[in-house]
Every structure is written in structure tokens, then in C-alpha cells.
Amino acid sequence: MNSAASLIGEQPGDREDLAGAPFVGPAGRVLDKALAAAEIDRAELYLTNAVKHFKFTTNERGKRRIHKTPSRTEVEACRPWVLAELDTVAPEVVVLLGATAAKCLLGNDFRLTRHRGEILHATGLLDEEPALVATIHPSAVLRGPSESRQEAFDGLVADLRTAYATTRTVSSAGSAGSGRFMPASRPVRR
Numbered sequence: 001m002n003s004a005a006s007l008i009g010e011q012p013g014d015r016e017d018l019a020g021a022p023f024v025g026p027a028g029r030v031l032d033k034a035l036a037a038a039e040i041d042r043a044e045l046y047l048t049n050a051v052k053h054f055k056f057t058t059n060e061r062g063k064r065r066i067h068k069t070p071s072r073t074e075v076e077a078c079r080p081w082v083l084a085e086l087d088t089v090a091p092e093v094v095v096l097l098g099a100t101a102a103k104c105l106l107g108n109d110f111r112l113t114r115h116r117g118e119i120l121h122a123t124g125l126l127d128e129e130p131a132l133v134a135t136i137h138p139s140a141v142l143r144g145p146s147e148s149r150q151e152a153f154d155g156l157v158a159d160l161r162t163a164y165a166t167t168r169t170v171s172s173a174g175s176a177g178s179g180r181f182m183p184a185s186r187p188v189r190r
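Residue numbering for the sequence shown follows UniProt numbering, starting at 1 and increasing by one per position.
What follows is the structure in C-alpha cells.
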């Protein structure tokens, strides 16, 4: 099973957890719009999450499951599954949607604010060495102030275009970009 590009999110949301599929809830709708704006066919992508379970708390009445950010330990525990998925799919480029996904592959010291939209590589991480592009998670568009949502969405679209263009660059030139990171290879301690 090969895919030119893989997208990795943080974790399933409430809807994703119930459906058993990634990006089918509100963040998935934003992602679908961004992919359409970037002229990328979702069917060509492999989508997954850095953390495989939905971490949540409930509201006061216990009726609504509210997202909680996964811990470093949870990210590290799920990392072998993510790496196995990527080794199986062998994408040319991996889009890391949000800080949790980026830290899963690039280590806890990675800062999305410093490297968003850059073409990166993590030496020795996978059998193949795909290009990596970190960007915001689609849910960040939903959570942002209304006056900055369009700008956040446009940035997401631009980053998706950069990543997808990389698939053609890698295919024709053999490599892309120059940013290198040493992946997190040992367990992360709290």
C-alpha cells in the first residue's frame, strides 16, 4: 500500500472515535476544504493520528466528551504504530498536522512556530526517508479568533500545497529541502 502523501493528526476526536476513522468530524470538514483549496484529492492520501485513542474528560453533566491533549508518554507509547504505518505506506511526504504529530516524529524539542511550512527530514526514522512538513492542525482554524480564521486557513492551504509539491520534487530530484532533525529515538520521560 503506497501513498504519495500521509497526513498525521494528533488523536481521534469525539466523532472520529465513534466512527473509527480519522478526520470525519469538524476538523475533518476543515481539512477537506483545505485539501480542495490546495487541489489535493483526499483519496490519494493516507490519514492517521499520532495517538490512537481519544483522550477526553466529560463536562459537569457527563454528557459531552471534551478533548484533552495527550501526554508525552501517550505520544511515545503510540509512536511505534505510527512508524509501522509509515513504513508500510512509504509516503514521499508526511504532513504533520499540529504540534503533537510533529513531536511524535521530530521529538519533544520541536517547535511548530519555528518550522511551520518548512520541508524537513528526520534521519534514520523510517526505512524510507520522506520529506516532512509541519503545519497547524485543522482544529486550530476552528478554535482561533474569528478575525484570524481565514489567515490560519490560508496558511494551512499553503503548507499543504508545499507538501504536495514536494511529492513531485522528490520523485524527480531524489530529495527535497535541507532541514534535518534527529528523531526522538528513546522514550520521553515526564
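Yeah, the Cβ is synthetic: ideal placement off N, Cα and C, and Gly gets one too.
Here the structure is a predicted model, which means the values were calculated and not measured.
Around the beta carbon of Thr113, fewer than 16 other beta carbons lie within 10 angstroms, which makes this residue exposed. The beta-carbon separation of Leu45 and Leu96, rounded to 13 Å, does not stay under the 8 Å limit for a contact. Taking C-beta atoms as the reference points, Ala122 and Val82 fail to come closer than 7 Å.
The beta carbon of Ala152 sits closer than 8 Å to those of Ile136, Ala140, Val141, Gly144, all from its chain and outside the five residues before and after it, given in chain order. According to DSSP, Ile8 shares a beta bridge with Thr48, Leu96.
Excluding the 5 residues flanking it on each side, Ser3 has same chain C-beta neighbours closer than 7 Å at Glu44, Leu45, Tyr46, Val89, Pro91, in chain order.
The three-state reading of DSSP puts Leu126 in coil, since its state is none of H, G, I, E or B.
Ser148 and Gly155 have their alpha carbons spaced roughly 11 Å apart. Taking C-beta atoms under 8 Å as the contact rule, Gly117 and Thr73 fail to qualify, at a distance of about 29 Å. The Cβ-Cβ distance between Val157 and Ala37 falls below 7 Å. Rounded to the nearest whole angstrom, the C-alpha separation of Val30 and Ala131 is 23 Å.
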